[in-house]
Amino acid sequence: MPTTGDSLSGFEVRVSFAETQVVLGIRGEVDMMSAPDLAILLDAVITRGHQSVVLDLGELEFMDSQGLEVIASGARRVASIGGELTIRSPSAMVTRMLASAELFDTVRVEPRTPAHDGSRSDRLGPEQGIRTLAESIDFNASPPELLKRMAAIPAGHDVVDGGLRLVVALTQASIGGADGVSVSLQRHGQLTTVAATDQTILDMDARQYAAGEGPCVDASVEGHWFHAESLDHETRWPTFTPKAQRLGINAILSNPLVAENGPVGALNIYSRTAAVFSPKEQALASTFASEASILLQLGGVDVSDESTSERLGAALRNRHIIAQAEGVVMERDGISEEDAYTSMRVISQRDSRPLAERAADVVDSTRRIRAGLPAPKETSP
Amino acid sequence: MTDPLNDEFDQARLDAGLTHGDLWLRYFGLGGMSTALQVEAFCYGALSPSAHDHDVVAHALNERFVELGGNHPVAYTDN
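Read top to bottom, the protein sequences are chains A and B.
Oh and the first sequence: position 335 is 321 in the working numbering, straight run, nothing missing.
To get the working numbering, take the position in the second sequence, counting from 1, and add 944.
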């Protein structure tokens, strides 16, 4: 049944990768507040070249027309790179929405199976045997406990937490080989996981806290990054390493999160594959860690009111579209990141259009060119 | 040492009707990597931004002026 709770805390996306498939498991409500987050996640996986994308709606509680628009535009984008968007386990209501929007021709529908009609814990399957942090915390039953666990985050924690969860999901969707991602934060001198992609990752973090060692602990304390390229050859953390290997983890990259007075936590990226994080992935991880750090330092910004939280979400989405466009321009013109930014900024200034809109044009036109479609009218020289 | 350019930032911020928090959110949305306190310090001239940071803050202000029907009154480093 649809509820009118806080959209930021009532919406979760779990990203998981099968061999040729990426599955976005959606939980909670897709509405005006959360639809843009879903759109940018879909965008991130499509930009990474995934041609088989599954939206698992088995745990969806509510979706409005904006969610439907995200599905329609995601389906078009996947089709433009020769792929296919699958809608898995839609409710009867969503199925009717897809039909009335005439989307049956553009998406593949995998109907709801009996396994999806039971409670969440009855669900089976490779990507369904794990639970997200948000699921392991009962949002409805125990708000004080939730608040306690989020105490490391300054005022407006739900907003900041929403932002951190978006960063975690985007990190997993954007970094090749990332099988799981988490954010650890210091609270009363102890590390706590505040956002994680699944239960295995929660366990990985918890084992490091318990052992008092591991890349996540070291990055959080020492304030620089730690990369365990292959756990087979790792000697720095003798207690923790065998435990990680038993959970199937072979590579870990932890970047510190830094506040005004020094390190406060880490952004942790785990992979089952050794030596999977190239320098490019390492640079990207560092950018996401900086972003998470900034989210934790919202000093001077009152993020407690709804309009500010909406604007923070919009700001995060604009950043990602600008960063994507920067990458396109750098590759296309063979120029530096700052020069790419400046060239887009100059056009934004010349046309008196927001930079984010200009960036969206750049990304969209590249996508069309790759798909062999006519480019829209281009305004750049 | 204060950067004389930066006095212009705070005046422009006031003219644009933005709080420091509003300005930072706009700056962050444009890809800026400095914290809210650092951006506030740029405005007061207590910290000197890099050329890139200067241009991102200038653009954040200018996008607001465009919304208000103006042009791009805040100078970029290459102007």
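We put the CB at the ideal spot given by N, CA and C, even for glycine.
Contact belief for residue i with residue j at Cβ below 8 Å, rounded distance in angstroms
i, j, result
"A278 of chain A", "L253 of chain A", "5 Å"
"A230 of chain A", "M190 of chain A", "6 Å"
"D73 of chain A", "V93 of chain A", "Per the sequence shown, the amino acid found at residue 73 of chain A is Ile instead of Asp. Indeed they touch by this definition, with Cβ atoms about 5 Å apart."
"P76 of chain A", "L43 of chain A", "5 Å"
"F274 of chain A", "V153 of chain A", "6 Å"
"V39 of chain A", "V64 of chain A", "5 Å"
"L54 of chain A", "I12 of chain A", "About 13 Å; that fails the 8 Å criterion."
"R970 of chain B", "E1007 of chain B", "7 Å"
Delimiting residues of the beta strand (DSSP E) encompassing residue i
i, result
"G248 of chain A", "248 to 257"
"V180 of chain A", "176 to 182"
Beta-ladder partner(s) of residue i, from DSSP
i, result
"F(-3) of chain A", "A:G14"
"S20 of chain A", "Partner(s): none; S20 of chain A has no beta bridge."
"S162 of chain A", "Reading off the sequence shown, one finds Gly at residue 162 of chain A, where the question assumed Ser. In DSSP, G162 of chain A forms no bridge with anything."
"R94 of chain A", "A:T72"
"M49 of chain A", "A:V16"
"M173 of chain A", "In the sequence as displayed, the identity of residue 173 of chain A is Arg instead of Met. DSSP, once it has assigned bridges, lists A:Q176 as partnering R173 of chain A."
"V8 of chain A", "A:F3, A:V39"
"A237 of chain A", "A:S257"
Residue i (DSSP reduced to helix, strand or coil)
i, result
"P242 of chain A", "strand"
"R373 of chain A", "The requested residue 373 of chain A is not part of the displayed model; chain A covers only -13 to 367."
"R222 of chain A", "coil"
"P129 of chain A", "Annotation note: pLDDT 29 at P129 of chain A (below 50); position unreliable, no value reported."
"F1009 of chain B", "helix"
"A1019 of chain B", "coil"
"V262 of chain A", "coil"
"L84 of chain A", "helix"
"S276 of chain A", "helix"
"K229 of chain A", "helix"
"S2 of chain A", "strand"
"S168 of chain A", "strand"
"R991 of chain B", "Checking the displayed sequence, the identity of residue 991 of chain B turns out to be Leu instead of Arg. Three-state result, L991 of chain B: coil."
"Y956 of chain B", "According to the sequence provided, residue 956 of chain B is Ala. The question's Tyr does not apply to it. If DSSP states are grouped into helix, strand and coil, A956 of chain B belongs with the helices."
"S38 of chain A", "strand"
"G44 of chain A", "strand"
"G299 of chain A", "helix"
"L89 of chain A", "coil"
"G313 of chain A", "helix"
"I307 of chain A", "helix"
"G60 of chain A", "helix"
"T33 of chain A", "helix"
"I26 of chain A", "helix"
"I67 of chain A", "coil"
"G149 of chain A", "helix"
"Q283 of chain A", "coil"
"S368 of chain A", "Here chain A comprises residues numbered -13 to 367, so residue 368 of chain A is not present and cannot be evaluated."
"P140 of chain A", "Interpretation of P140 of chain A is limited by its pLDDT of 33, a score under 50 that renders its predicted location unreliable; the figure taken from the coordinates is listed afterwards. P140 of chain A: coil per DSSP, three-state reduction."
"T979 of chain B", "coil"
"V348 of chain A", "helix"
"I355 of chain A", "helix"
The alpha helix (DSSP H) enclosing residue i, as first and last residue numbers
i, result
"F212 of chain A", "No alpha helix (DSSP H) contains F212 of chain A, which is instead part of the beta strand (DSSP E) from 212 to 214."
"V390 of chain A", "The structure shown has nothing for residue 390 of chain A, since chain A only spans -13 to 367."
"H964 of chain B", "964 to 973"
"R193 of chain A", "185 to 197"
"R205 of chain A", "Note that residue 205 of chain A corresponds to Ala in the displayed sequence, not to Arg. Looking at the DSSP string, the run of the alpha helix (DSSP H) that includes A205 of chain A is 201 to 208."
For the region 958 to 969 of chain B, which residues have a beta carbon sitting closer than 8 Å to at least one beta carbon of chain A? H964, G965, W968, L969
Against chain A, which members of the region 967 to 998 of chain B pass a CB distance test of less than 7 Å? W968, L969, F972, G973, L974, G975, M977, T979, A980, L981, E984, H996
Looking at chain B, which residues of the region 170 to 184 of chain A have a Cβ within less than 7 Å of any of its Cβ atoms? none
Short of 8 Å Cβ to Cβ, which residues in the region 225 to 252 of chain A face chain B? E246
If the cut-off is 8 Å on Cβ atoms, which residues from the region 315 to 330 of chain A count as contacting chain B, listed in chain order? E324, Y327, T328
Members of the region 1001 to 1012 of chain B near chain A, C-beta cut-off 8 Å: So the list reads H1003, N1006, E1007, V1010, given in the order they occur along the chain.
Short-range partners of chain B found in the region 62 to 91 of chain A, where Cβ spacing is below 8 Å: none
Could you please tell me which residues of the region 1 to 35 of chain A, in chain order, have their CB closer than 9 Å to any CB of chain B? Cβ contacts with chain B come from no residue of the region 1 to 35 of chain A.
What residues in the region 301 to 313 of chain A bring their beta carbon closer than 7 Å to a beta carbon of chain B? A301, N304, R305, I308, A309
Please identify, using Cβ separations under 9 Å, the residues of the region 331 to 342 of chain A that lie next to chain B, in order along the chain. R331, V332, S334, Q335, S338, R339, P340, L341, A342
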